Amino acid sequence: MLLQSDTQLNQKSYYEASVQRPAALPPLQGEVHADVLVVGGGFAGLSSAIALAQRGYQVVVLEADRVCSGASGRNGGQFIVGLASGQGPFEAQLGLATARQVWDMSLDAIALLEQRVREFDIRCDLRKGYITVADSPRKARALETEVDLLRTRYGFESALYTGSEVQQHIGSTRYCAAAVEDTSGHLHPLKYGLGLLRAALALGVQVYEHSAVTQLQRGEPLIARTAQGSVTARFGVLAGNCMLPEYGPQVAPDIAPRTMPVGTYIIGTEPLSQAKCQSLIPSEAAVCDNNFVLDYFRCSADHRMLFGGRVSYSTRTPPGLQALMAQRMASIFPALQTAAVEFVWGGFVDISMNRAPDFGRLGSNLYYLQGFSGHGVALTGLAGQLAADAIAGQAERFDVFARVQHRPFPGGALLRTPSLVLGMLYHRLMDRL
94 MLLQSDTQLN
104 QKSYYEASVQ
114 RPAALPPLQG
124 EVHADVLVVG
134 GGFAGLSSAI
144 ALAQRGYQVV
154 VLEADRVCSG
164 ASGRNGGQFI
174 VGLASGQGPF
184 EAQLGLATAR
194 QVWDMSLDAI
204 ALLEQRVREF
214 DIRCDLRKGY
224 ITVADSPRKA
234 RALETEVDLL
244 RTRYGFESAL
254 YTGSEVQQHI
264 GSTRYCAAAV
274 EDTSGHLHPL
284 KYGLGLLRAA
294 LALGVQVYEH
304 SAVTQLQRGE
314 PLIARTAQGS
324 VTARFGVLAG
334 NCMLPEYGPQ
344 VAPDIAPRTM
354 PVGTYIIGTE
364 PLSQAKCQSL
374 IPSEAAVCDN
384 NFVLDYFRCS
394 ADHRMLFGGR
404 VSYSTRTPPG
414 LQALMAQRMA
424 SIFPALQTAA
434 VEFVWGGFVD
444 ISMNRAPDFG
454 RLGSNLYYLQ
464 GFSGHGVALT
474 GLAGQLAADA
484 IAGQAERFDV
494 FARVQHRPFP
504 GGALLRTPSL
514 VLGMLYHRLM
524 DRL
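FYI, in this note's numbering the residues of the sequence shown are 94 to 526.
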């Protein structure tokens, strides 16, 4: 059901409609040998492959569908400093000094993204600027606390605005506080992902599409099997996230319970005038509120409003999705009440229980990268770099993340979704207070 729903959700994607994909790469056929096997052709997998190839490794990437057909090619496009979890899990488990190291690595993730865009000439409509907004006094106090904490403990500066000042930065009366910073930003994720693909191929990486891994024999060497072939490799990187168990339930059943696929959705309007877009978001930054069940939005390079939000904890697309999303958008921007919606799409985010990324090893030569929890655009690039470093014997930074403890969602496959729904309903209620 998840795969069927996921495929349907991508049929009216603005991103897919606004690029010309290259011809599909052939599926794996026969036996192939490599230094490193990467499972998953999204941001994390391609970033791993690039970093490994730059170190001289022979790399094979197996993608079950098309490259970046999952979350990497559908997301809101925001690359954001920090982690979805905040710094709390790292401070609590590892101490302030290590938490600062994690924060600095999140800055490194954005720097790496920008470096690759320059190095590989990836034209992906990248813009800097990010605004976090609060829609209640309670949320405004929480935002102020977060801004102060990041300034005092981590040396990160955001400008905080309240009251009427907020409307200088966003053309809406809904919000009572805004934190503005220019380290984070946004881009066209599918253009970025296809740019990573071109870079990987140019570096000699072998990429096979429509090549789902259905079996993985662990050990030295690793052997991965698909419908028509196999790959034997010294090392492996699992970067399929929440889709990995859908194609190969026995590939990594030990880590699958630690993430939950949560549906999130975006609409795209008809093209607006540049003046209209600038009246809505004068700086052309990406915007996100600080609710637990959040709204996120930005204007595209061709002046469409891309508005994301809502969540689903089942494989079913919410009924009346387009109308509900348009209504929500118009409640924030009344000027868009009559704007036609031309695109509606969605996908599944792999969230972890504590919303911190989940990186680690399964044995001595198999690495996994998952649980990006909505902060994956930049962090996946860093994850791939850290996995490559670890394979090359420089595992210090990878091990910082690997030391974070992750619990499985309670109740197993049958009960973890109802448990999450109850928890999210509580947070949604709190968002309204």
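Quick reminder that beta carbons are idealized off the backbone N, C-alpha and C, glycines included. Only a predicted model underlies this, so the values are computations on that prediction, with no experimental measurement involved.
Cβ separation of residue i and residue j, assumed to be a contact under 8 Å, to the nearest whole Å
{"i": "residue 421", "j": "residue 402", "result": "6 Å"}
{"i": "residue 365", "j": "residue 396", "result": "5 Å"}
{"i": "residue 307", "j": "residue 340", "result": "7 Å"}
{"i": "residue 213", "j": "residue 291", "result": "7 Å"}
{"i": "residue 89", "j": "residue 398", "result": "Residue 89 lies beyond the residue range present for the chain, which begins at 94 and ends at 526; the question has no answer from this structure."}
{"i": "residue 102", "j": "residue 410", "result": "6 Å"}
Check whether residue i and residue j have beta carbons under 8 Å apart
{"i": "residue 219", "j": "residue 288", "result": "no"}
{"i": "residue 303", "j": "residue 170", "result": "no"}
{"i": "residue 236", "j": "residue 383", "result": "yes"}
{"i": "residue 225", "j": "residue 271", "result": "yes"}
{"i": "residue 173", "j": "residue 449", "result": "no"}
{"i": "residue 161", "j": "residue 296", "result": "no"}
{"i": "residue 481", "j": "residue 145", "result": "yes"}
{"i": "residue 360", "j": "residue 415", "result": "yes"}
{"i": "residue 404", "j": "residue 419", "result": "no"}
{"i": "residue 400", "j": "residue 264", "result": "no"}
{"i": "residue 479", "j": "residue 496", "result": "no"}
{"i": "residue 165", "j": "residue 356", "result": "no"}
{"i": "residue 441", "j": "residue 107", "result": "no"}
{"i": "residue 130", "j": "residue 319", "result": "no"}
{"i": "residue 223", "j": "residue 184", "result": "no"}
{"i": "residue 203", "j": "residue 276", "result": "yes"}
{"i": "residue 141", "j": "residue 456", "result": "no"}
Closest residue to residue i among the options (Cα-Cα distance)
{"i": "residue 221", "options": "449, 242, 391 and 426", "result": "391"}
{"i": "residue 498", "options": "446, 133, 103 and 434", "result": "446"}
{"i": "residue 502", "options": "163, 322, 354 and 481", "result": "354"}
{"i": "residue 452", "options": "389, 374, 360 and 352", "result": "352"}
{"i": "residue 119", "options": "269, 305, 104 and 233", "result": "305"}
{"i": "residue 454", "options": "145, 248, 275 and 312", "result": "312"}
{"i": "residue 322", "options": "378, 123 and 186", "result": "123"}
{"i": "residue 200", "options": "264, 474, 240 and 485", "result": "474"}
{"i": "residue 294", "options": "251, 147 and 483", "result": "147"}
{"i": "residue 269", "options": "276, 285 and 234", "result": "234"}
{"i": "residue 316", "options": "350, 142 and 132", "result": "132"}
{"i": "residue 247", "options": "195, 202 and 212", "result": "195"}
{"i": "residue 430", "options": "182, 362 and 307", "result": "362"}
{"i": "residue 386", "options": "214, 483, 227 and 208", "result": "227"}
{"i": "residue 229", "options": "266, 307, 240 and 205", "result": "266"}
{"i": "residue 444", "options": "334, 291, 101 and 205", "result": "334"}
{"i": "residue 126", "options": "250, 245 and 325", "result": "325"}
{"i": "residue 163", "options": "370, 198, 109 and 314", "result": "109"}
{"i": "residue 71", "options": "349, 350, 242 and 394", "result": "Nothing can be reported for residue 71, as the shown portion of the chain is limited to 94 through 526."}
{"i": "residue 242", "options": "189, 210, 255 and 198", "result": "189"}
{"i": "residue 143", "options": "500, 488, 413 and 210", "result": "210"}
{"i": "residue 232", "options": "381, 486 and 336", "result": "381"}
{"i": "residue 112", "options": "492, 337, 483 and 217", "result": "217"}
{"i": "residue 69", "options": "485, 104, 187 and 377", "result": "Not covered by the structure: residue 69. The range shown for the chain is 94 to 526."}
{"i": "residue 388", "options": "128, 149 and 168", "result": "168"}
{"i": "residue 197", "options": "207, 182, 249 and 238", "result": "249"}
{"i": "residue 314", "options": "116, 406, 128 and 117", "result": "128"}
Residue i at chain B interface by Cβ criterion, 8 Å
{"i": "residue 313", "result": "Given the protein chain composition of this structure (a single chain), no chain B is represented."}
- Could you tell me whether the segment 328-338 touches the segment 135-143, using the rule of 3 or more Cβ pairs below 8 Å? yes
So within the segment 327-411, which uninterrupted beta strand (DSSP E) runs reach at least 3 residues, ignoring any that extend past its ends? Taken in chain order, the unbroken stretches of beta strand (DSSP E) that lie wholly in the segment 327-411 and span 3 residues or more are 352-362, 379-382, 389-392 and 398-405.
Contact between the segment 457-471 and the segment 173-188 (3+ Cβ pairs under 8 Å): Yes, they touch.
Note to self: At 4 residues or longer, what runs of the alpha helix (DSSP H) sit wholly inside the segment 264-304?
What the structure shows: 282-295
Q.
Does the contact criterion of 3 or more C-beta pairs under 8 Å hold for the segment 294-303 versus the segment 153-164?
A. yes
| query | Does the segment 259-275 touch the segment 157-166, meaning 3 or more C-beta pairs lie closer than 8 Å? | reply | No, because fewer than three Cβ pairs between the segment 157-166 and the segment 259-275 fall closer than 8 Å, the two stretches do not touch.
- [ ] Evaluate the contact criterion for the segment 342-357 versus the segment 453-464: three or more CB pairs, one atom per stretch, below 8 Å.
- [x] Three or more beta-carbon pairs drawn from the segment 342-357 and the segment 453-464 are found closer than 8 Å, and the two stretches are therefore classed as touching.
inquiry  = Give the list of continuous alpha helix (DSSP H) stretches no shorter than 4 residues that lie fully inside the segment 196-273.
reply    = 230-247
Can you list, in chain order, the stretches of the beta strand (DSSP E) that have 3 or more residues and sit fully within the segment 138-208? 152-155
query: Can you list the beta strand (DSSP E) stretches of 3 or more residues lying completely in the segment 418-466, in chain order?
result: 434-445, 451-454 and 459-463
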